[in-house]
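See structure below.
Protein chains in written order, with my numbering: chain P, 4 to 550; chain F, 736 to 830.
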């Protein structure tokens, strides 16, 4: 019974045990204990815990409220965005031949939301949308972002017995409510004009397009949702408050919690680094009934095993080359496990070193993260071309000229690009051009399906994503001019499969890896110092008695 | 009278005692055996309120002493209890 009660007494709060443990143990040693005393001690521990939980609750509540206030304050720093909308309805009798008109509708939508149409709308003086963004990026890219992020077209169909109705809701979000409304008004106008002019075919009898709701004037911002942000702040603050209370009430647990948290972070980060990224690409086709039947017949062939094997093995694709990942996992997995095991054993056998190790690890992580923040981002843009044999030979002849030093120097100094301004002040422009050609511009040629056909990938890395894209665009244009002599995308031996991409994420530096390496180096440094300098553990430092 | 706090104060009113001595004393004068959890729950609360205080000791057993405030509180409680006892006794007496 004594042993069981001794275990139960460990359930008391740490602060209580620090104060009463010795005398409580003395009482247990003196008293003739019974089994019901075990229940009595458990009950006492529970009551003490509940008293102690009030501290946790208070800490969580304070941190939660602080988190909510901070999140709300941050939300007020975010700009408001307003959403205006208009509703159009297309009504057709059930027996009408509506497929032709629906096709017109879809074409009108595509024309209204095409990149060129939106670019024109953005630059229209009466609207003058995205003025700041236009200073930093080409208007085509802004139009693309406007179409994908800010304009939303929802279609609602309601089939009925006598008539069928299709409603279009056009929404646009923008920081200026008046401009949001004006833009929606323009979109509706352009949509109606695209529908009624410039296309063959006639409007079936009995069909009509009604404007149910003209562009609304938004009174309240669509985003940010400050209540949600404040609630998120509250929810983030609660566990932080609990953690702070835990660290406060159990200071001895802190190194363990920090060590295990860091170990978990490093393990998860290492595992995440081993998992390859997966990207999804999709294409949307519209098919009529005859084409659909032909497509269904072709599907077994296209998706047949032989065709897929050919696709997987074709050199420009070269899919599923997982071997290197397997090697990485096979080597790095056990290494990571071994390191963590050693770390755990070390912390277990030398608990007094834990504080030093945690401190050095965190210091290394923070230092490396701070250094990583000073390293500029590098962005890679690329374009992919398909070339036939003749075009390729012309391109190979044009390459020395396009990538020649003179041409690169011209590219660097062109006012629209103005590349490597700082580097140019330190070294001759010819050397900067040479570095750019050898380090930043890359041309890779891959075999492709079709006799003599090749796929060329042109890429450029630069600290500014827009400039990286502009360089690739410029190089593609020059290759197109010199090698094909006809516009890209035309019916020639030169086809632009993918125009210069605007990189969404920098390719380097990987700040997480740098910070993690910093933590590892900090730990190693700590171990070396502890071993050779025999540093005293913080808890072992005795206060110097007053003289 | 089963409030552990009153029982502990009543025990300490006689003189300083450590936990086990209180447990024994209370069992003797009140016929109630306080479990270790209950006893130390009462000691914790009484010390927090300043009604008892630890007395210096070299032993693992920590003696406690009732404070002036503790005596005052106990006095009020005993007086109140006395009135209840007197009234109840009077009412129980056959008319």
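Beta carbons are placed, not taken as given, at the ideal position from N, Cα and C, and that holds for glycine.
The model shown is predicted, which means the values in this text are computed figures rather than measured ones.
Q) Should residue 29 (chain P) be flagged as near chain F, meaning a C-beta pair shorter than 7 Å? A) Indexing the first chain from 1 puts residue 29 (chain P) at position 26. For residue 29 (chain P), the closest Cβ of chain F is nearer than 7 Å.
(Q) I'd like to know if residue 44 (chain P) contacts chain F, where contact means its C-beta is closer than 7 Å to some C-beta of that chain. (A) On the first chain, position 41 is the one that residue 44 (chain P) refers to. Taking Cβ atoms only, chain F reaches closer than 7 Å to residue 44 (chain P), which makes this a yes.
Q: Name, please, each residue of chain P whose Cβ falls closer than 7 Å to the Cβ of residue 797 (chain F).
A: For the purposes of this step, residue 797 (chain F) is taken as the residue at position 62 of the second chain. Ordered by position in chain P, the residues that pass the 7 Å Cβ test against residue 797 (chain F) are 26.
**Q.** 7 Å Cβ cutoff met for residue 385 (chain P) and residue 460 (chain P)
**A.** In the first chain, counting from the first residue as 1, residue 385 (chain P) sits at position 382. In the first chain, counting from the first residue as 1, residue 460 (chain P) sits at position 457. Yes. Within cutoff.
Q.
Using CA atoms only, rank isn't needed, just tell me which of F:739, F:771, F:755, F:789 is closest to residue 765 (chain F).
A. Along the second chain, one-based indexing puts residue 765 (chain F) at 30. Comparing alpha carbon positions, the residue from F:739, F:771, F:755, F:789 closest to residue 765 (chain F) is F:739.
Q: Can you pull the chain P residues whose beta carbon is under 8 Å from the beta carbon of residue 755 (chain F), in chain order?
A: Looking up residue 755 (chain F) in the second chain gives position 20. Simply 29, 30, 33, 34.
Q. If you run the structure through DSSP and keep just helix, strand and coil, what is residue 169 (chain P)?
A. Stepping through the first chain from its first residue, residue 169 (chain P) is reached at position 166. The answer is strand: DSSP assigns residue 169 (chain P) an E or B state.
Q. How about residue 343 (chain P) and residue 273 (chain P): are their beta carbons less than 7 Å apart?
A. Within the first chain, numbered from 1, the residue matching residue 343 (chain P) stands at position 340. Within the first chain, numbered from 1, the residue matching residue 273 (chain P) stands at position 270. Taking 7 Å as the Cβ cut-off, residue 343 (chain P) and residue 273 (chain P) do not qualify as a contacting pair.
Q: Verify the CB distance criterion: does residue 808 (chain F) have a CB-CB separation below 7 Å to chain P?
A: In the second chain, the residue the question calls residue 808 (chain F) occupies position 73. No - not a single Cβ of chain P is within 7 Å of the one on residue 808 (chain F).
Q.
On a Cα-Cα basis, can you pick out the residue from P:511, P:157, P:119 that is closest to residue 90 (chain P)?
A. Position 87 of the first chain, counting from 1, holds the residue named residue 90 (chain P). Minimum Cα distance to residue 90 (chain P) is reached at P:157.
Q.
With a threshold of 8 Å, are at least 3 pairs of Cβ atoms found where one atom belongs to the stretch 509-525 of chain P and the other to the stretch 362-371 of chain P?
A. yes
**Q.** Coarse secondary structure for residue 811 (chain F), derived from DSSP in three states
**A.** Along the second chain, one-based indexing puts residue 811 (chain F) at 76. Residue 811 (chain F) falls in the helix class under three-state DSSP.
Q. If you draw a straight line from the alpha carbon of residue 85 (chain P) to that of residue 780 (chain F), how long is it in whole angstroms?
A. As a first step, residue 85 (chain P) must be located in the first chain, where it is residue number 82. As a first step, residue 780 (chain F) must be located in the second chain, where it is residue number 45. Straight-line Cα distance between these residues: approximately 59 Å.
Q: Determine the contact status of residue 239 (chain P) and residue 70 (chain P), defining contact as a CB-CB distance below 7 Å.
A: Working through the first chain from its first residue, we reach residue 239 (chain P) at position 236. Working through the first chain from its first residue, we reach residue 70 (chain P) at position 67. For residue 239 (chain P) and residue 70 (chain P), yes; Cβs fall inside 7 Å.
Q. Looking only at DSSP bridge pairs, what is residue 529 (chain P) linked to?
A. For this step, residue 529 (chain P) is matched to residue 526 along the first chain. According to DSSP, which records beta bridges pairwise, residue 529 (chain P) is partnered with nothing at all.
Q. What do you get for residue 352 (chain P), buried or exposed, if any count of 16 or more other CB atoms within 10 angstroms of its CB means buried?
A. Stepping through the first chain from its first residue, residue 352 (chain P) is reached at position 349. Classification for residue 352 (chain P): exposed.
Q: For residue 48 (chain P), return the contacting residues in chain F, with the cut-off set at a CB-CB distance below 9 Å.
A: Translated into positions along the first chain, residue 48 (chain P) becomes position 45. Chain-ordered, the chain F residues with CB closer than 9 Å to the CB of residue 48 (chain P) read 772.
Q | Residue(s) in a DSSP beta bridge with residue 89 (chain P) | A | As a working mapping, residue 89 (chain P) is identified with position 86 in the first chain. DSSP output for residue 89 (chain P) lists P:173 as bridge partner(s).
Q: Please report the residue range of the alpha helix (DSSP H) in which residue 269 (chain P) lies.
A: Start at 1 with the first residue of the first chain, and residue 269 (chain P) comes out as number 266. 256-277 is the extent of the alpha helix (DSSP H) around residue 269 (chain P).
Q: Count the other CB atoms, across all protein chains shown, that sit within 10 Å of the CB of residue 151 (chain P); report buried if there are 16 or more and exposed otherwise.
A: Indexing the first chain from 1 puts residue 151 (chain P) at position 148. By the neighbour-count rule (16 or more Cβ atoms within 10 Å), residue 151 (chain P) is not buried but exposed.
**Q.** Distance CB(residue 74 (chain P))-CB(residue 296 (chain P)) smaller than 7 Å
**A.** Your numbering for residue 74 (chain P) matches position 71 in the first chain. Your numbering for residue 296 (chain P) matches position 293 in the first chain. No. Outside cutoff.
Q. Measuring CA to CA, which of P:143, P:241, P:478, P:249 is closest to residue 463 (chain P)?
A. As a first step, residue 463 (chain P) must be located in the first chain, where it is residue number 460. When each option's Cα is compared against that of residue 463 (chain P), the closest is P:478.
**Q.** For residue 296 (chain P), the first and last residue of its enclosing alpha helix (DSSP H)
**A.** Reading the first chain from its first residue, position 293 is the one you call residue 296 (chain P). It spans 292-305 - the alpha helix (DSSP H) in which residue 296 (chain P) sits, taken as one unbroken run.
Q: Could you name the residues of chain P that residue 802 (chain F) contacts, counting a contact when the two beta carbons are closer than 8 Å?
A: Start at 1 with the first residue of the second chain, and residue 802 (chain F) comes out as number 67. Per Cβ cutoff of 8 Å: no residues; residue 802 (chain F) is ~18 Å from chain P at best.
Q. What whole-angstrom Cβ distance do residue 519 (chain P) and residue 269 (chain P) have, given they're in contact under 8 Å?
A. Mapped onto the first chain, residue 519 (chain P) falls at position 516. Mapped onto the first chain, residue 269 (chain P) falls at position 266. 6 Å between Cβ atoms; contact.
Q | Element boundaries [beta strand (DSSP E), containing residue 82 (chain P)] | A | In the first chain, residue 82 (chain P) corresponds to position 79, counting from 1. From DSSP, residue 82 (chain P) is part of no beta strand (DSSP E); its letter is neither H nor E.
(Q) Any contact between the stretch 138-155 of chain P and the stretch 168-188 of chain P? By contact I mean 3 or more CB pairs, one from each, below 8 Å. (A) Yes: at least three Cβ pairs fall under 8 Å.
Q: Tell me, to the nearest whole angstrom, how far the beta carbon of residue 466 (chain P) is from that of residue 379 (chain P); I am working on the premise that it is less than 8 Å.
A: In the first chain, counting from the first residue as 1, residue 466 (chain P) sits at position 463. In the first chain, counting from the first residue as 1, residue 379 (chain P) sits at position 376. The pair is a contact, with the Cβ atoms about 5 Å apart (cut-off 8 Å).
**Q.** Chain-ordered chain F contacts of residue 3 (chain P) [CB-CB under 9 Å]
**A.** Summary: the structure shown does not reach residue 3 (chain P), with chain P confined to residues 4 through 550, and so no result is reported for it.
Q: Could you tell me how far apart the beta carbons of residue 763 (chain F) and residue 26 (chain P) are, in whole angstroms, since I believe they sit closer than 8 Å?
A: Numbered from 1 along the second chain, position 28 holds the residue referred to as residue 763 (chain F). Numbered from 1 along the first chain, position 23 holds the residue referred to as residue 26 (chain P). Contact doesn't hold; Cβ gap of about 21 Å is too wide.
(Q) Nearest by alpha-carbon distance to residue 110 (chain P): which of P:398, P:194, P:128, P:508 is it? (A) Counted from its first residue, the first chain places residue 110 (chain P) at position 107. The option with the nearest alpha carbon to residue 110 (chain P) is P:194.
Q. Residue 6 (chain P) versus chain F: which residues are under 7 Å apart at the beta carbon?
A. Translated into positions along the first chain, residue 6 (chain P) becomes position 3. Within chain F, no residue comes near residue 6 (chain P); the closest Cβ sits about 14 Å away, beyond 7 Å.
Q.
So the candidates are P:456, P:448, P:403, P:9; which of them puts its Cα closest to the Cα of residue 437 (chain P)?
A. Stepping through the first chain from its first residue, residue 437 (chain P) is reached at position 434. The shortest C-alpha separation from residue 437 (chain P) is found at P:403.
**Q.** C-beta neighbour in chain P for residue 751 (chain F), strict 7 Å
**A.** Walking along the second chain from the start, residue 751 (chain F) turns up at place 16. Chain P, which has no Cβ nearer than 7 Å to the Cβ of residue 751 (chain F), makes this no.
Q. Sorted by chain position, which residues of the same chain lie with C-beta nearer than 8 Å to residue 748 (chain F)'s C-beta, five sequence neighbours on each side aside?
A. In the second chain, residue 748 (chain F) corresponds to position 13, counting from 1. Same-chain partners within the cutoff: 801, 806, 809.
(Q) Can you list, in chain order, the residues of its chain with a C-beta nearer than 8 Å to that of residue 305 (chain P)? Leave out the 5 residues immediately preceding and following it. (A) Position 302 of the first chain, counted from the start, is the residue given in the question as residue 305 (chain P). So no residue of the chain qualifies.
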